[in-house]
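What follows is a set of notes on a single structure, which appears directly below.
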Amino acid sequence: MRNRFVAGNWKMNLSDSESKSLAEKIASHSYTENTQVVLCTPFLYLKEVLEATSGNTKVAVGAQNCHEKEAGAYTGEVSAAQLASAGIPYVILGHSERRTYYKEDNALLKSKTDEALAQGLHVIFCCGEVLEEREANKQAQVVETQLQEALGHLSTDQMSKVVIAYEPVWAIGTGKTASAAQAQDMHEMIRNWVANQFGAEHAEQQIILYGGSCKPGNAAELFAQKDVDGGLIGGASLKAEDFIQIIEA
Ligand code: PGA
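Read in order, the letters of the sequence shown are residues 0 to 248 in numbering that gives the first Met the number 0.
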């Protein structure tokens, strides 16, 4: 039985005091034994959110990106080593906003993943197709290439520290959710890819999240799918009541 996993991606939202108060509300709730919650906050708030959630063992903290190098003259960047030294256990890599606005490609994401894993972080690795690719029925091929090029070289041991998040880009922040059947189809394809690469036993343990306009109203149906183990939540993770309802789903 795989654990249930829900990560909130706050993106570039909330003030310092709003972040603290949201983290406190989420941490004051109790979650079932097999649940892992991760709050992925702007770099600036990681330490205070870590502090605010330290009393709740089910709630962890993650960054939304890291640099591919260990240290050096990279103005404005944050390394995986720095995150690890600050006690931050998770990092999101490959989010479609990073791929689109900052031109992160599969080769760069491979380097970032290697560096994050080398520093002992857990990676929440995002993949997903854009609307034109979905319309051309190329979603499986696109996602498989993203996974193969960035994660295909990992050892099974390394892969056990990677959570995959399937996020159809056309569903992110648009209010358009993939149907439960569309999500299940892609998750099954992803689990088959994992089985081919890392073995059937590993594939059974692999956590695969759905992301893209996931809300209290649709979370239960999405999460009820056989291969959907939880969600990566953007907009709805900014309101404690909504996010907690999604976790409970
Ligand atoms: P959304 O974002 O829930 O606001 O669609 C999901 C994400 O980008 O991770």
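The C-beta atom is built at its ideal place from N, Cα and C for all residues, glycine as well.
Nearest neighbour of residue i, chosen from the options [CA to CA]
i: HIS66; options: TYR44, LEU107 and HIS28; result: LEU107
i: GLU134; options: VAL162, PRO167, LYS160 and LEU120; result: PRO167
i: ARG1; options: ALA218, GLN140, GLN205 and LEU237; result: GLN205
i: GLY216; options: GLN140, GLY174, TYR73 and ALA72; result: GLY174
i: GLU96; options: ALA117, SER84, PHE124 and ALA115; result: PHE124
i: GLU187; options: LEU153, THR176, ASP156 and GLU143; result: GLU143
i: THR155; options: THR176, ALA139, HIS201 and GLU114; result: HIS201
i: ARG98; options: SER16, GLN118 and CYS126; result: CYS126
i: GLU17; options: ALA239, ILE246, ILE243 and ILE245; result: ALA239
i: ASN55; options: GLN224, ILE207 and ALA26; result: ALA26
i: THR112; options: VAL141, GLN138, ASN136 and VAL162; result: VAL162
i: ALA83; options: THR31, GLU114 and ILE243; result: GLU114
i: HIS94; options: ALA194, GLU128 and GLY119; result: GLU128
i: ALA70; options: VAL141, GLU203 and GLN118; result: GLN118
i: ALA164; options: VAL122, SER29 and LEU13; result: VAL122
i: HIS28; options: ASP15, SER14, SER53 and GLN224; result: SER53
Own chain partners of residue i with C-beta closer than 6 Å, once the 5 adjacent residues on each side are dropped
i: LEU221; result: ALA179, ALA182, TYR209 and VAL227
i: SER110; result: GLU67
i: MET158; result: PHE197
i: ASN35; result: Per the sequence shown, residue 35 should be read as Gln rather than Asn. Cβ within range, chain order: ASN2 and PHE4.
i: GLY229; result: ARG3, PHE4, VAL5 and LEU208
i: VAL37; result: ALA6, ALA59, GLY61 and TYR89
i: ASN136; result: none
Own chain partners of residue i with C-beta closer than 8 Å, once the 5 adjacent residues on each side are dropped
i: VAL77; result: PHE42, ALA62, ASN64, CYS65 and HIS66
i: ALA248; result: PRO215, ALA218, ALA219 and PHE222
i: MET11; result: PRO41
i: LEU120; result: CYS65, ALA79, LEU82, ALA83, ILE87, PRO88, TYR89, VAL90 and LYS160
i: ASP15; result: LEU43, TYR44 and GLU47
i: ASN33; result: MET0, ASN2 and ARG3
i: TYR73; result: HIS66
i: ALA194; result: HIS201 and ALA202
Expected contact under 8 Å - CB spacing of residue i and residue j to nearest Å
i: GLY233; j: ILE189; result: GLY233 to ILE189, Cβ: 20 Å. No contact.
i: ALA6; j: CYS39; result: 6 Å
i: LEU237; j: TRP9; result: 6 Å
i: LYS160; j: LEU116; result: 6 Å
i: ALA235; j: ILE245; result: 6 Å
i: GLN138; j: GLU132; result: 6 Å
Sequence-distant residues of the same chain with beta carbon closer than 7 Å to residue i, five excluded per side
i: GLN196; result: GLY151
i: ALA85; result: LEU45 and LYS46
i: THR176; result: ALA170, GLY211, SER212, CYS213 and ASN217
i: TRP192; result: GLU143 and LEU146
i: PHE242; result: GLY7, ILE25, ILE232, ALA235 and SER236
i: TYR30; result: VAL36, LYS57 and ILE246
i: GLN224; result: ALA179, ALA182, GLN183 and HIS186
message = Closer than 8 Å is the cut-off here; do at least three beta carbon pairs connect the stretch 47-54 with the stretch 21-39?
response = Taking 8 Å as the limit for Cβ pairs, the verdict is that the stretch 21-39 does touch the stretch 47-54.
message = Pairs of beta-carbons, one from the stretch 52-60 and one from the stretch 84-101, closer than 8 Å: are there three or more?
response = Contact holds: three or more Cβ-Cβ distances are below 8 Å.
query = Do the stretch 142-156 and the stretch 94-108 make contact, defined as three or more Cβ pairs closer than 8 Å?
reply = The stretch 94-108 and the stretch 142-156 touch, with three or more beta-carbon pairs separated by less than 8 Å.
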